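Read through the structure below, which is laid out as structure tokens, and then see the notes.
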Amino acid sequence: MRNLRRLNANSVIRALALASTATAASLLFNNNNHQISNGSRISGASISLRLPQLRELLLSLPIMPFPAPLVQTSSSSGYNNHFILSRKESVGETGDTAKCCHGCLGRDSIATAAAAVGPAVVNISVTQGLRGLMLGKGIGSGTIIHPDGTILTCAHLVADFESSGRVSKVKVDVTLQDGRKFQGTVVNADFHSDIAVVKINSKSPLPTARLGSSRMLRPGDWVIAMGCPLFLQNTITAGIVSCVNRKSSDLGLGGTRMEFLQTDCAINEGNSGGPLVNLDGEVIGINTLKILAADGLSFAVPIDSVLKVMEHFKKNGRVVRPWLGLKMLDLNEMVISQLKERDNSFPNVTKGVLVPMVTPGSPADHAGFRPGDVVIEFDGNPVESINEIIELMSNKCGKPLSVVVKRANDVLVNLTVVPEEANPDI
């Protein structure tokens, strides 16, 4: 190793290339099995190469050009055995034309995104009461999304759920990052999605945040949680997306079926209602809850779902949710295989939505649905998931919809169902 440390950077590169080539060749042309130290086995022969032989082979190899000079940095052991590029641009990019790829984490990516959204993040303080008794203040966060003072936040901060989720009449104090204070008005709130709209009025201009889309998010994407936990304004934490479609049922939440963005961003009391931001400085979610018994399990309402709620607010003054009266289950290969083992007459399907239960007296019951039906077509469209059915009937309360189900022994049945509006108090 003393001799090897005197080799220059190009020699080290050639050594690595040689070792890689020799290993690949041995794996391709040897069929012997060899035991390695941890007890597992690999196919191929081990390579025995002494240092003098290695140096002779290195000297016989041509020197490969490198796109940038190498700079040595000292490790903790004192040996100069780490090498980094001295140029700022990555390989293949030169000068001012080098640009960061979309979603890539550069040196200032988080700081730049936070600076773009930060001024629009507000602290929300609500006086909480029960039957006329003042119980203290609830704290949370919000985001100004329009110059007119429209703020997105969480419904559990501003809605009086003792009164079936109706909009609270209590005082809402809003504090901007620049210190300005306003009294806000709750315009609307939806209990099931935990989304609310608060309005403030200002004679001077208000900062706003840009809304993005959550549709293209992937597990592993970097995100930023912003808010005012424990009244600590301008608090920023960063993490990654852990899951893009965490179901509410996975979290033990009843009521309306929902999907959340799961992240490992650190959020605490007061973060609720604050924005979840991507590296482009766009709001892609509203932070709403965390698992108290574990670290790194935080959840946000996807911004695409938030925008749908706001469309309902604008059109109907509330979120209108259609109700069929069905329990439904997405089918996959494993579930289908298990059902086939239990009952040979189970329909031959590869995907679809199983109906395990029908609520008596419900629209589905009146339409003729039976437990065991597999929905394969809804409103003229083939369906493979519950989400597709929900999407297809989202704005069709009171309208007849055609449904095709497959029953035992592959019997096809055409049904017509008329969704009713779900009771908002349930």
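Numbering (mature numbering (1 follows the signal peptide of the UniProt record, and there is no 0)), first residue to last: -24 to -1, 1 to 402. Every residue, glycine too, gets a C-beta built ideally from N, C-alpha and C. Note that the structure is a prediction, hence the values are computed from the model and not measured.
Classification of residue i by the beta-carbon crowding that lies within 10 angstroms, buried from 16 upward
| i | result |
| --- | --- |
| A270 | exposed |
| Q238 | buried |
| R191 | exposed |
| K266 | buried |
| S274 | buried |
| residue 407 | This structure gives no information on residue 407, because the portion of the chain shown stretches from -24 to 402. |
| R297 | buried |
| D226 | exposed |
| P278 | buried |
| V387 | exposed |
| D319 | exposed |
| N399 | exposed |
| D84 | exposed |
| I374 | Per the sequence presented here, residue 374 reads as Gly, with Ile not at that position. By the 10 Å Cβ count, G374 comes out exposed. |
| T326 | exposed |
| G301 | buried |
| L208 | exposed |
| A91 | exposed |
| V97 | buried |
| V389 | exposed |
Residue i and residue j closer than 9 Å at C-beta
| i | j | result |
| --- | --- | --- |
| V253 | I200 | yes |
| P339 | L305 | no |
| H168 | S248 | no |
| V311 | L330 | yes |
| P323 | V282 | no |
| S101 | P251 | no |
| V220 | R194 | yes |
| V134 | G188 | no |
| residue 427 | V93 | As displayed, the chain neither begins before -24 nor continues past 402, which places residue 427 out of reach and without an answer. |
| L128 | I262 | yes |
| F341 | S378 | One detail in the question is off: residue 341 reads as Asp in this sequence, not Phe. The answer is no: Cβ separation not under 9 Å. |
Under the three-state DSSP convention, the category residue i falls into
| i | result |
| --- | --- |
| N390 | strand |
| I86 | helix |
| N308 | coil |
| residue 472 | Since the displayed the chain opens at -24 and closes at 402, residue 472 lies outside it and no answer follows. |
| M333 | strand |
| F207 | helix |
| R186 | strand |
| E245 | coil |
| E360 | coil |
| I176 | coil |
| F322 | coil |
| L229 | coil |
| K291 | helix |
| L193 | coil |
| D154 | coil |
| A270 | coil |
| M369 | coil |
| S281 | helix |
| P339 | helix |
Paired residues, beta bridge with residue i - DSSP
| i | result |
| --- | --- |
| D149 | S101 and Q159 |
| G118 | V98 |
| F275 | Q238 and L265 |
| C219 | Q238 |
| I200 | A214 and V253 |
| A384 | Paired residues: none, contrary to the question. |
| E353 | P358 and V380 |
| E396 | W299 |
| V259 | L187 and V253 |
| I127 | I120 and V174 |
Contact set for residue i: own chain, Cβ-Cβ below 8 Å, skip 5 residues either direction
| i | result |
| --- | --- |
| G293 | N164 |
| P376 | T392, V393 and V394 |
| L206 | I115, N244, E245 and G246 |
| N385 | S321 and P323 |
| V285 | D166, S169, I171 and V295 |
| A214 | I86, W198, V199, I200, A201 and C241 |
| M234 | H168, S169, K223, S224, V277 and S281 |
| I365 | M304, V329, V351, F354 and V359 |
Residue i: CB within 8 Å of a non-hydrogen atom of the ligand NAD
| i | result |
| --- | --- |
| P336 | For the structure depicted, the ligand NAD is absent and the ligand set is empty, with no information on it obtainable. |
Close beta carbons around residue i, own chain, < 7 Å, minus the five adjacent residues each side
| i | result |
| --- | --- |
| L182 | I120, P123 and G125 |
| S178 | G125 and F158 |
| P347 | V331, P332, M333 and V334 |
| T264 | C130, D170, S248, F275, A276 and V277 |
| N357 | L368 |
| K64 | Caution is warranted here: a pLDDT of 33 is assigned to K64, below 50, making its placement in the model unreliable, and the coordinate value is therefore given only provisionally. Excluding sequence neighbours, K64 sits near nothing in its chain. |
| N210 | G94 and Q153 |
Sequence-distant residues of its chain with Cβ nearer than 6 Å to residue i (five each side left out)
| i | result |
| --- | --- |
| N(-17) | Reliability of the predicted coordinates at N(-17) is poor, the pLDDT of 48 falling under 50, and the value obtained from them is presented with this limitation in mind. Contacts found: none. |
| I352 | G328, V380 and K382 |
| C204 | N99, S117 and G246 |
Closer than 9 Å to chain B by CB, residue i
| i | result |
| --- | --- |
| T213 | Any reference to chain B falls outside this structure, which holds one protein chain only. |
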